[in-house]
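Asker:
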Amino acid sequence: MIIAATLAIFAAMALALTRAVLGPSLYDRILAVNMFGTKTVLLIALLGFLMGRPEFLDIAIVYALINFISVIGVLRYSGSNAFKHDNKADETIEKSASRSDKWTP
Amino acid sequence: MDTLMSFFSGLCLLVGALICVSGAVGVNRFDDFYTRMHAASVTDTLGAAFILIGLMFISDQFIVIAKLMIILLLGLIVGPTTSHVLAKAALKNGLKPNIPEQSRDDISKK
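First to last, the sequence lines map onto chains C and V. Taking this note's numbering, the leading residue of the first sequence gets 686, the next gets one more, and so forth. Taking this note's numbering, the leading residue of the second sequence gets 2, the next gets one more, and so forth.
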């Protein structure tokens, strides 16, 4: 069952990476990277148990802390101009694309 | 007793893996940043908790269980904090939630 959980975590990491590459806005990318880091902690713990060496859990603890610090460190600069989101760019993209596949209430 | 523990461990690991994959699918399928963040943050906390509890069931040394507990508590504190900071930064920098026209009218009527 540990192997199944490991494979599932790998799949979740791949999907998170897809969102990080595609993500329309900067915040989507930050979210995806944070999710990737959380999944990495679980992966390290699972691989430690899979190989019979639970000492890997120390690395998992350090990785969880570094993941948190990195996200907070990036968002520390969210007051700068690079983080400003331009809603007009989104609207022009949406208008140029065909809207037939969009859900309308 | 041993088989019971391994059964519970397998159950928790399976549920946790399922929750993690569903969260990743949700991050890819939803069409708005805030809904995506909802999917990611909820399933991150719950899936990690289930997988770590499942690992606790099959470990027999005290120090290993203590380390797993530390990771679990760290995740429970850090995950919501990160989501909160991210949502606040996105909202402050002008990322608008994507609300359909119809429900926007409904909200303004109420």
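All C-beta atoms in this analysis are idealised placements derived from N, C-alpha and C, irrespective of residue type, glycine included.
How big is the Cα-Cα spacing for A696 (chain C) and L731 (chain C)?
Answerer: As a working mapping, residue 696 (chain C) is identified with position 11 in the first sequence. As a working mapping, residue 731 (chain C) is identified with position 46 in the first sequence. In a straight line, the C-alpha of A696 (chain C) is about 14 Å away from that of L731 (chain C).
Asker: Which stretch, first to last residue, makes up the alpha helix (DSSP H) that contains Y792 (chain C)?
Answerer: Not covered by the structure: residue 792 (chain C). The range shown for chain C is 686 to 790.
Asker: Please report the distance separating the alpha-carbon of V26 (chain V) from that of L742 (chain C).
Answerer: The residue you call residue 26 (chain V) lines up with position 25 of the second sequence. The residue you call residue 742 (chain C) lines up with position 57 of the first sequence. Going by the C-alpha atoms only, they are around 27 Å apart.
Asker: Indicate whether T44 (chain V) and C21 (chain V) have their beta-carbon atoms separated by less than 8 Å.
Answerer: Here residue 44 (chain V) is taken as the residue at index 43 of the second sequence, counted from 1. Here residue 21 (chain V) is taken as the residue at index 20 of the second sequence, counted from 1. Result yes, Cβ atoms of T44 (chain V) and C21 (chain V) sit closer than 8 Å.
Asker: Between C:H770, C:M686, C:Y712, which lies nearest to V756 (chain C) when the distance is taken from Cα to Cα?
Answerer: For the purposes of this step, residue 756 (chain C) is identified with residue 71 of the first sequence, where counting begins at 1. The shortest C-alpha separation from V756 (chain C) is found at C:Y712.
Asker: Closer than 8 Å, CB to CB, is I72 (chain V) near chain C or not?
Answerer: Residue 72 (chain V) sits at position 71 when you count from the first residue of the second sequence. Yes, its Cβ sits closer than 8 Å to a Cβ of chain C.
Asker: Taking 8 Å as the CB-CB cut-off, is F34 (chain V) touching chain C?
Answerer: Indexing the second sequence from 1 puts residue 34 (chain V) at position 33. Yes, contact with chain C.
Asker: Straight-line CA distance for K769 (chain C) to M2 (chain V)?
Answerer: Against the first sequence, residue 769 (chain C) aligns to sequence position 84. Against the second sequence, residue 2 (chain V) aligns to sequence position 1. Cα to Cα, K769 (chain C) sits roughly 57 Å from M2 (chain V).
Asker: Could you tell me the boundaries of the alpha helix (DSSP H) in which R30 (chain V) lies?
Answerer: By 1-based counting over the second sequence, the position of residue 30 (chain V) is 29. Unbroken alpha helix (DSSP H) run through R30 (chain V): 3-30.
Asker: Can you name the residues of chain C whose CB is closer than 7 Å to the CB of D45 (chain V)?
Answerer: Along the second sequence, read from residue 1 onward, the residue named residue 45 (chain V) stands at position 44. Going along chain C in sequence order, the residues near D45 (chain V) (Cβ under 7 Å) are M720, T723.
Asker: Could you pull out every residue in the same chain whose Cβ sits closer than 6 Å to the Cβ of S10 (chain V), ignoring the five residues on either side in sequence?
Answerer: Against the second sequence, residue 10 (chain V) aligns to sequence position 9. Excluding positions up to five away in sequence, the list reads G55, F58, I59.
Asker: Taking the alpha carbon of L19 (chain V) as the point to measure from, which residue in C:L700, C:G764, C:I694 has its own alpha carbon closest?
Answerer: In the second sequence, residue 19 (chain V) corresponds to position 18, counting from 1. Here the closest residue by C-alpha is C:I694.
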